[in-house]
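Per my numbering, the sequence shown starts with residue 360, numbered consecutively.
First comes the structure, then the notes that go with it.
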Amino acid sequence: MRLAVHRVFTSAIKQAPASQLHKTKLIPARAFSGTAASKTMASQDPIVEQLREFPTCDISGALVKLKYRNGGFLSGLTLWSPDRQAGDTRIVGPAYTVKYAPLSDPAPKHPTHYIDGVPAGSVVFVSAPAKTPNALYGGLMSARAKALGAVGSVIDGRFRDLHEQREQGYPVFGRDVGTAPPQELLKVVGVNVPVKLATDEQDMEIRPGDYIIGDLNGVVVCPKELAEQVIPIVRKQVEADDKMMVALSEGMGFEEATDHPVSIDQVHKAYVSFYDLDYFIVFFFRRNAPVFIFDYAKEAS
360 MRLAVHRVFT
370 SAIKQAPASQ
380 LHKTKLIPAR
390 AFSGTAASKT
400 MASQDPIVEQ
410 LREFPTCDIS
420 GALVKLKYRN
430 GGFLSGLTLW
440 SPDRQAGDTR
450 IVGPAYTVKY
460 APLSDPAPKH
470 PTHYIDGVPA
480 GSVVFVSAPA
490 KTPNALYGGL
500 MSARAKALGA
510 VGSVIDGRFR
520 DLHEQREQGY
530 PVFGRDVGTA
540 PPQELLKVVG
550 VNVPVKLATD
560 EQDMEIRPGD
570 YIIGDLNGVV
580 VCPKELAEQV
590 IPIVRKQVEA
600 DDKMMVALSE
610 GMGFEEATDH
620 PVSIDQVHKA
630 YVSFYDLDYF
640 IVFFFRRNAP
650 VFIFDYAKEA
660 S
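Here it is, written out as structure tokens:
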């Protein structure tokens, strides 16, 4: 609810007539040090920067509309570090794929260690045959990946050294934990090659450069050729959903709320009611734009 009201409020601010904003104070971000905006490092990839605005559920919904199977959801992969299915961790980046295969596989072992080739800003995606009992990935791998600028790792199998992952504050998604290293069973046979999700539930492929998005709801792959189409769809859907959230919180029926327009005054009322405040302040920022603070007094409602 809080996020929905924030997003609808900022959307309404941008669309509202000047007459509705006469009691609003706009203060440039430079007046405040240490804001989230000043600490945010801009990505060199504009697609990543835009995808970062949305949770996996919204992106998956947009992919469904584009008829991409399962909305890109990769089943069985959940957040383990820095916390187990808690907090606000979200990773977004192009996939850097690693393919493990059994020692009996005729493909030669990759000549160098994959972890030294991790590009900055990428998500390390490690794949192995389904139901492999040994861990594919450990704390040393995360230390190197983090030093190279990776935003997180997704392990399609088991990983180990969970305490080390959490001590580093490094995001790791995976199927489960384990203790034994992989060398007795597996070898790396490919780096930056297409890999298949290790499950019978789905037939999903992850290719180098496909966008990986992970948060508390799971992991989604967005094919690189669909990314630019996804963004306008997800923006429109998020705006509609947020307006519905505000309307539903005020007691409106679901069907009626489906097409219900929400005004800036209604959003203000919902925000004050939600927090039981005499006034509220909303921080918001957009990429390459100033940050403003919207300060509303209760009597404005």
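Just so you know, even glycine gets a beta-carbon here, dropped at the ideal spot from N, CA and C.
Please read all numbers here as calculations on a predicted model, not as lab measurements.
Starting from the C-beta of Gly528, find all residues in its chain whose C-beta is less than 6 Å away, skip the five residues before and the five after it, and write them out in chain order. In chain order, Pro441 place their CB closer than 6 Å to the CB of Gly528, counting only its own chain and leaving out the 5 sequence neighbours on each side.
- Indicate whether Gly568 and Ala421 have their beta-carbon atoms separated by less than 8 Å. No, the pair does not count as a contact, with Cβ atoms beyond the cut-off.
Taking its Cβ as the centre, do 16 or more other Cβ atoms sit within 10 Å of Thr538, making it buried, or is it exposed?
By the C-beta density criterion, Thr538 is exposed, having fewer than 16 other C-beta atoms within 10 angstroms.
Problem set entry | Unbroken stretches of the alpha helix (DSSP H), 4 residues or longer, contained in the stretch 575 to 615 | DSSP assignment within the stretch 575 to 615 yields the following whole alpha helix (DSSP H) runs of 4 residues or more, N-terminal first: 586 to 608.
query: Who pairs with Tyr455 in a beta bridge, going by DSSP?
result: Bridge pairing for Tyr455: Val483 [DSSP].
Q.
Looking at the secondary structure, which residues open and close the beta strand (DSSP E) in which Val407 lies?
A. Careful: Val407 lies outside any beta strand (DSSP E), inside the alpha helix (DSSP H) at Pro405 to Leu410.
Item to complete: Go through its chain and collect everything with a Cβ distance to Phe458's Cβ below 6 Å, but skip five positions before and after it.
Response: Note on residue identity: the sequence assigns Lys, not Phe, to residue 458. Once the five neighbours on either side are set aside, the close Cβ partners of Lys458 are Ser486, Val548, Gly549, Val552 and Val554.
Next on the checklist: Can you look up Glu564 in the DSSP assignment and give me helix, strand or coil?
Outcome noted: Judged by DSSP in its simplified three-state form, Glu564 adopts strand.
Review point. Do Arg534 and Gly516 have their CB atoms nearer than 8 Å?
Key: Yes, the Cβ-Cβ distance between Arg534 and Gly516 is below 8 Å.
* Nearest to Thr415 (by Cα), restricted to the options Tyr427, Leu425, Gln403 and Phe432 -> It is Phe432.
Note to self: Taking 8 Å as the threshold (C-beta atoms), are Ala586 and Ile406 in contact?
What the structure shows: Yes, Cβ-Cβ distance for Ile406 and Ala586 is below 8 Å.
When you compare the CB positions of Leu410 and Ile565, do they come within less than 8 Å of one another, or not? Going by beta carbons, Leu410 and Ile565 fall outside the 8 Å limit.
Tell me, to the nearest whole angstrom, how far the beta carbon of Pro530 is from that of Ile474; I am working on the premise that it is less than 8 Å.
At roughly 16 Å, the Cβ-Cβ gap does not stay under 8 Å, so Pro530 and Ile474 are not in contact.
Give me the residue from Glu598, Asp447 and Val536 with the minimum Cα distance to Ala494.
Val536 is the residue among Glu598, Asp447 and Val536 whose C-alpha sits nearest the C-alpha of Ala494.
- Item | Boundaries (first-last residue) of the beta strand (DSSP E) holding Asp535 | First-last of the beta strand (DSSP E) with Asp535: Val531 to Val536.
- [ ] Jot down the residue ranges of each uninterrupted alpha helix (DSSP H) in the stretch 414 to 445, minimum 4 residues, whole runs only, in chain order.
- [x] DSSP runs (the alpha helix (DSSP H)) wholly in the stretch 414 to 445: 415 to 424.
#### Entry: Host alpha helix (DSSP H) of Leu545 (start-end)
Counting along the chain, Leu545 falls outside any alpha helix (DSSP H), though it belongs to the beta strand (DSSP E) covering Leu545 to Val550.
Hey, how far is the Cα of Asp447 from the Cα of Pro465? In this model, Asp447 and Pro465 are separated by some 43 Å (Cα to Cα).
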